[in-house]
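Contents: one structure, followed by commentary.
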Amino acid sequence: MTLLADPALLGSAAHVATALAVGAAALIGSLLSALTGSGGAIVLSLVLAPIIGVAAVVQTLSVAMLLSHVARVGAFWRLIDWPVTGRILLAAIPSCFAGALLYTKPDEAAGLVLGLFLIAVVVLKRVFAGRSFRVGPAGLLAASAVFGLLSGTTIGGGLLVIPILLGAGLAGAALVATDAIVGLTMHLIKTLVFGQAAVLTGAQAWLGAVIGICMFPGAWLARALLARIPLKVHALLLDIVVALGGASFVIQALRRWD
Numbered sequence: 001m002t003l004l005a006d007p008a009l010l011g012s013a014a015h016v017a018t019a020l021a022v023g024a025a026a027l028i029g030s031l032l033s034a035l036t037g038s039g040g041a042i043v044l045s046l047v048l049a050p051i052i053g054v055a056a057v058v059q060t061l062s063v064a065m066l067l068s069h070v071a072r073v074g075a076f077w078r079l080i081d082w083p084v085t086g087r088i089l090l091a092a093i094p095s096c097f098a099g100a101l102l103y104t105k106p107d108e109a110a111g112l113v114l115g116l117f118l119i120a121v122v123v124l125k126r127v128f129a130g131r132s133f134r135v136g137p138a139g140l141l142a143a144s145a146v147f148g149l150l151s152g153t154t155i156g157g158g159l160l161v162i163p164i165l166l167g168a169g170l171a172g173a174a175l176v177a178t179d180a181i182v183g184l185t186m187h188l189i190k191t192l193v194f195g196q197a198a199v200l201t202g203a204q205a206w207l208g209a210v211i212g213i214c215m216f217p218g219a220w221l222a223r224a225l226l227a228r229i230p231l232k233v234h235a236l237l238l239d240i241v242v243a244l245g246g247a248s249f250v251i252q253a254l255r256r257w258d
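The numbering of the sequence shown is this note's numbering, which starts it at 1 and goes up by one.
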């Protein structure tokens, strides 16, 4: 399936170089994700897509991000807003389950969907970021249902939970902490569904687990840096990377489309 998962190439120069690149992306992605509440999966998807194929990215990262969110929950446990978490998961869990079941797209379709979605979330994030409002109970459930569905089918759905958390009145470390427990639940559902449906292969699970372990240090490093590094700077850089990555996915998918 992939250079990293091929035992015959273990120890080769290409294998080591690829492993180092993925490991570095995992650490950077986990740091960005823990600092801003989003972005780790997108950063990793940009690195993994050329290596394992776009269609395998969602399954592999479901395992990697599951472990990454375990670390984030551990690092920010005391700051989680449990009432907001419960309201979001009430709608997001069933819709994420449905979205994961619907994930049966080939490389070309998956690439097009991922690319367009990554571009769209940048626009939506910027539109909502400058607005100060509170989400009511009905609005929170509706937005969470959309978030859950997109989380089950695409990489980058986690970005949409940030405006939801902001609208619920969360900010700073409390937002990051609550995002961590919501994300952990979403990735657990995806991993279980993909495994049960035989969409998640053993090689993908192995690679995802290794990547997830590489992401552990980022959560605790982010907790130490959160009060010192401006989050707006990271958010702006992340939006640029997401937009460029989304455009790349779209271009590659259209070139391969029959």
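Glycine included, each C-beta is placed from N, C-alpha and C at the ideal position. As the structure is a computational prediction, the values presented were derived from the model and not from experiment.
Less than 8 Å between C-beta atoms, sequence neighbours within five positions excluded: which residues of the same chain meet that for residue i?
i, result
"I189", "I93, C96, F97, A100, G152"
Taking 6 Å as the limit between beta carbons, can you name the residues of its chain near residue i, skipping five residues before and five after?
i, result
"G200", "Note that residue 200 is Leu in the sequence shown, not Gly. Hits under 6 Å: Q59, F194."
"A260", "With the chain represented from 1 up to 258, any question about residue 260 goes unanswered, as that position is not in the structure."
"R255", "none"
"L79", "A173, A174, A177"
"M215", "A26, S30, S68"
"I211", "A26, A64"
"A34", "R72, G218, A219, A222"
Compare the Cα-Cα distances from residue i to each of the options and report the closest residue.
i, options, result
"T36", "L165, A243, G139, L192", "L165"
Is it true that the CB of residue j sits closer than 9 Å to the CB of residue i?
i, j, result
"R87", "V176", "no"
"G218", "S30", "yes"
"T185", "L89", "yes"
"L66", "H187", "yes"
"V54", "A253", "yes"
"G208", "A64", "yes"
"G246", "I119", "yes"
"L236", "A173", "no"
"V22", "T85", "no"
"G167", "G139", "yes"
Below 7 Å CB to CB, which residues in the same chain sit around residue i once its five sequence neighbours on both sides are set aside?
i, result
"A180", "H69, R72, V73, F76"
"F147", "A92, G157, L160, V161, I164"
"P106", "In this predicted model, P106 has a pLDDT of only 47, less than 50, meaning its place in the structure is not dependable; the value taken from the coordinates is given anyway. The residues are A55."
"W220", "A75"
"D81", "L170, A174, T178"
Between residue i and residue j, how many whole angstroms is the CB-CB distance? I'm expecting something under 8 Å.
i, j, result
"L32", "V43", "6 Å"
"G47", "A17", "Note on residue identity: the sequence assigns Val, not Gly, to residue 47. Their Cβ separation, rounded to whole angstroms, is 12 Å, which puts V47 and A17 out of contact at 8 Å."
"D56", "Q204", "Checking the sequence, you will find Ala at residue 56 rather than Asp. Yes, they are in contact, since the Cβ atoms of A56 and Q204 sit about 6 Å apart, within 8 Å."
* **Completely contained beta strand (DSSP E) runs for the region 201-234, where each covers 3 or more residues** => Runs of beta strand (DSSP E) with 3 or more residues, each lying fully within the region 201-234, are absent.
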